[in-house]
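Here the structure is laid out as structure tokens; the discussion comes afterwards.
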Amino acid sequence: MAVNSDMVLILASLLCALVCVLGLALVSRCTCRRRRSASYSDHAPPPPKGLKKKAIHALPTIPFAANGASPTPATCSSSECAICLAEFMEGEALRVLPRCGHGFHVACVDAWLRTCATCPSCRAPIVAMPAQPPATTTVVVVVAANNRCGRCGELAAPTGGGADTFLP
């Protein structure tokens, strides 16, 4: 059986076209998946924004003391600012974050807190989330008028308290 060179060329061209079409289909499928995943991530809650100036200035500020008698919290054991990496100087004002107790230079942490409402070291939120109101439990006590069980006829509660008796 003789194979014509034109036939081989046509078959090779068709094979090449098939590979190109499959490649384009794969690329378009990946693009659609990427768009879909990006649209789902758009619905995620936005990251917390920074704090207002009033909230930042309400955070406690203490002077740094190099000796052991410093009023800095125990968690602020470092002698350098984690933001600018400069050593704390004697008497320098530090802003201490209330939830975690980390301390930083006032200017450094104020700039940080204007853009992000978390601790620069441990990422603990600075402003506490609003607490959920405590759930109230309602107890309903049903007492029969004659204090007898409907099934067996026995006394349901000790006598003497009457219908006013509540169990703790």
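Those letters in the sequence shown? Residues -23 to -1, 1 to 145, per mature numbering (1 follows the signal peptide of the UniProt record, and there is no 0), in order.
Just so it is clear, CB atoms sit at the ideal spot from N, CA and C, and this is done for glycine as well.
These numbers were taken from a predicted model, which means no experiment stands behind them.
Check residue i in the structure and name its three-state DSSP category.
| i | result |
| --- | --- |
| His34 | helix |
| Arg100 | coil |
| Val(-21) | coil |
| Arg13 | helix |
To the nearest angstrom, how far is it from the Cα of residue i to the Cα of residue j?
| i | j | result |
| --- | --- | --- |
| Ala2 | Val(-16) | 26 angstroms |
| Thr8 | Gly(-1) | 12 angstroms |
| Cys(-4) | Leu(-13) | 14 angstroms |
| Glu67 | Ala43 | 6 angstroms |
| Ser(-11) | Arg11 | 32 angstroms |
| His79 | Val73 | 6 angstroms |
| Arg6 | Ser98 | 41 angstroms |
| Asn(-20) | Val4 | 35 angstroms |
| Arg91 | Ser56 | 24 angstroms |
Report the option in the options whose CA atom is closest to the CA atom of residue i.
| i | options | result |
| --- | --- | --- |
| Glu69 | Ile60, Ala84, Arg76 and Thr92 | Ala84 |
| Arg100 | Cys129, Ala59, His82 and Leu71 | Ala59 |
| Pro102 | Ser14, Asp(-18), Cys(-8) and Gly27 | Gly27 |
* Taking 8 angstroms as the threshold, find out whether the stretch 55 to 65 comes into contact with the stretch 31 to 39 through three or more Cβ pairs. => no
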